[in-house]
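Reading through the structure tokens given below for one structure.
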Amino acid sequence: MSDGATLNAASELIRRTGSVALACHVGPDGDALGSMLAFGLAARDADKQVTASFGSPYSVPRNLRFLPTELLVPPEEFPAAPGLMVVFDAGSAERLAELGSNAAKAEKLIVIDHHATNEGFGDVSLVDPSAAATGELVHDLLVELGWKVTPDIAQCLLTAIVTDTGRFQYASTSPRTLRLAADLVAAGASPSQVGRHVYGEAPFGYLKAAGAALDRAHLDRERGVVSTTITHTDLTDAGIDWGDIDNLIDTVRLAEEADVAVLAKVHEDGSVKVSLRSRGDTDVGSLAADMGGGGHRLAAGLTSEEPPEKVLAEIHRRIEDYR
Ligand code: AMP
Ligand code: MN
Ligand code: MN
59 MSDGATLNAA SELIRRTGSV ALACHVGPDG DALGSMLAFG LAARDADKQV
109 TASFGSPYSV PRNLRFLPTE LLVPPEEFPA APGLMVVFDA GSAERLAELG
159 SNAAKAEKLI VIDHHATNEG FGDVSLVDPS AAATGELVHD LLVELGWKVT
209 PDIAQCLLTA IVTDTGRFQY ASTSPRTLRL AADLVAAGAS PSQVGRHVYG
259 EAPFGYLKAA GAALDRAHLD RERGVVSTTI THTDLTDAGI DWGDIDNLID
309 TVRLAEEADV AVLAKVHEDG SVKVSLRSRG DTDVGSLAAD MGGGGHRLAA
359 GLTSEEPPEK VLAEIHRRIE DYR
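Residue numbers (this note's numbering): 59 to 381.
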């Protein structure tokens with residue numbers, strides 16, 4: 059549950075403003091984008107002027123383009139010093155990339171998030187690590203504000219919840235999560251549309267790029283870790299981009315011999331973005347946080363400027379300290 063006083067403080071700031079600027083974490087997933095767009099649509103329905111964006115690279119992942127994205131603007135069109143700014147699904151200002159400086163200049167900042175590693179930034183910090191998705195907290199806020207959940211808003215929130223619970227599979231899925239999902243479907247959200255767009259389709263090139271990455275997978279039986287890399291070149295050879303491989307880690311983690319799955323994504327500039335998942339025995343969130351990233355106990359990530367072999371070797375070396 060989000061605490062009542064914090065919800066009240068957030069809703070007071072929102073009620074008083076005529077315009078609001080919204081941002082979510084870089085490389086947005088279904089929870090980041092769905093939560094932000096849901097709140098944005100509701101604010102617009104309440105006659106607020108709304109701008110929404112996320113930091114570079116500014117590209118909506120293909121599998122989320124079915125969401126109503128008309129409120130989005132590129133980060134360079136985001137207000138430099140917003141009167142009120144609301145941040146979604148980001149545990150720290152660094153996760154906003156260049157929009158972190160807009161957040162620093164905002165007159166008032168509200169942060170809505172569910173990461174255990176959240177740094178508690180912002181004037182109002184609506185953070186609840188027991189929530190399965192930031193979307194649950196956005197729904198609490200809409201109820202507090204008395205704002206109506208239209209079919210479009212319901213679709214955005216259902217996407218947030220479905221994606222962050224791994225389609226209701228993760229331990230974070232509570233009775234409250236499932237009840238909210240039922241309410242959202244009753245309000246007009248379509249589970250089949252979410253399923254089809256997010257999980258049921260990918261460009262043909264995905265098969266090739268995933269094939270290359272899976273072919274390189276390495277199993278460290280002793281430590282129970284399966285890891286692999288996917289590079290910018292794999293993607294350009296296959297004609298796809300980073301937003302198309304968000305679900306690849308779910309295939310890597312199928313290896314039943316491993317508790318931990320690691321996917322290192324090597325970008326064009328040489329930086330490495332690592333996704334980490336655990337079946338339950340390893341606190342990958344703490345490991346990621348100790349290596350400069352963050353996330354949840356069983357799903358986390360980090361970014362490094364070191365060569366991928368070095369980053370992976372360090373993860374393998376340190377993993378047993380987090381069990
Ligand atoms: P991903 O592997 O990108 O799906 O991310 C898994 C989880 O870790 C999500 O909750 C992210 O918000 C979080 N996360 C991913 N990358 C980072 C990072 N560089 N810093 C902090 N948190 C991260
Ligand atoms: Mn997220
Ligand atoms: Mn989330």
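For glycine and all other residues, C-beta sits at the position ideal for the given N, C-alpha and C.
Item, Value
"Determine, using beta carbons only, whether A240 and K266 come nearer to each other than 7 Å.", "no"
"Compare the beta carbon distance of S111 and V131 with 7 Å and say whether it is the shorter of the two.", "yes"
"Just how far apart, CA to CA, sit R376 and D87?", "27 Å"
"Evaluate contact between the region 218–225 and the region 200–209, counting only Cβ atoms and requiring at least three cross-stretch pairs below 8 Å.", "no"
"List the DSSP bridge partners of M143.", "A79, L167"
"Tell me the rounded alpha-carbon separation between H374 and S285.", "9 Å"
"For the putative contact between V283 and A316, defined by C-beta atoms under 8 Å, what is the C-beta separation to the nearest angstrom?", "6 Å"
"In whole angstroms, give me the CA-to-CA distance for N121 and D339.", "31 Å"
"List in chain order the residues whose CB is within less than 5 Å of at least one heavy atom of ligand 3.", "D89, D147, T192, D222"
"Please classify A68 as buried or exposed, where buried requires at least 16 neighbouring CB atoms within 10 angstroms.", "buried"
"For W300 and D103, I'd like the C-alpha separation in whole angstroms.", "33 Å"
"Could you tell me the alpha carbon to alpha carbon distance between L312 and G149, rounded to whole angstroms?", "28 Å"
"Could you check if A357 belongs to the surroundings of ligand 1, using beta carbon to heavy atom distance under 6 Å?", "yes"
"Under a three-way DSSP split, which group does S285 fall into?", "strand"
"For H172, count neighbouring Cβ atoms within 10 angstroms of its own Cβ and tell me buried if that reaches 16, exposed if not.", "buried"
"Kindly provide the ranges of any alpha helix (DSSP H) runs that are 4 or more residues long and lie completely inside the region 290–361, ordered along the chain.", "290–296, 306–310, 342–348"
"For the 8 Å Cβ check, are there 3 or more pairs between the region 173–186 and the region 204–211?", "no"
"Applying the 10 Å Cβ sphere with the 16-neighbour rule, what's the burial state of R153?", "buried"
"Would you call N400 buried or exposed, if buried means 16 or more other Cβ atoms sit within 10 Å of its Cβ?", "Lying before the first or after the last residue shown, residue 400 is absent from the chain, which here runs from 59 to 381."
"Mind checking who D278 pairs with in its DSSP beta bridge?", "V283"
"Tell whether a beta-carbon distance below 7 Å holds between V144 and L238.", "no"
"What is the DSSP secondary structure of T217, counted as helix, strand or coil?", "helix"
"Please classify R74: is it buried, with 16 or more other beta-carbons within 10 angstroms of its beta-carbon, or exposed?", "exposed"
"Could you have a look at S183 and say whether DSSP puts it in helix, strand or coil?", "strand"
"Please state whether DSSP places V108 in a helix, a strand or coil.", "strand"
"I298 and P261: beta carbons closer than 7 Å?", "yes"
"Does DSSP put L199 in a helix, a strand or coil?", "helix"
"Suppose you measure from the CA of H412 to the CA of D61; what does that come to, to the nearest Å?", "In the structure displayed, the chain extends from 59 to 381; residue 412 sits before or after that span and is not available."
"Does the Cβ of S230 lie closer than 6 Å to at least one heavy atom of ligand 1?", "no"
"Assuming N66 is part of the alpha helix (DSSP H), what are its boundary residues?", "62–74"
"Helix, strand or coil for L130 per DSSP?", "strand"
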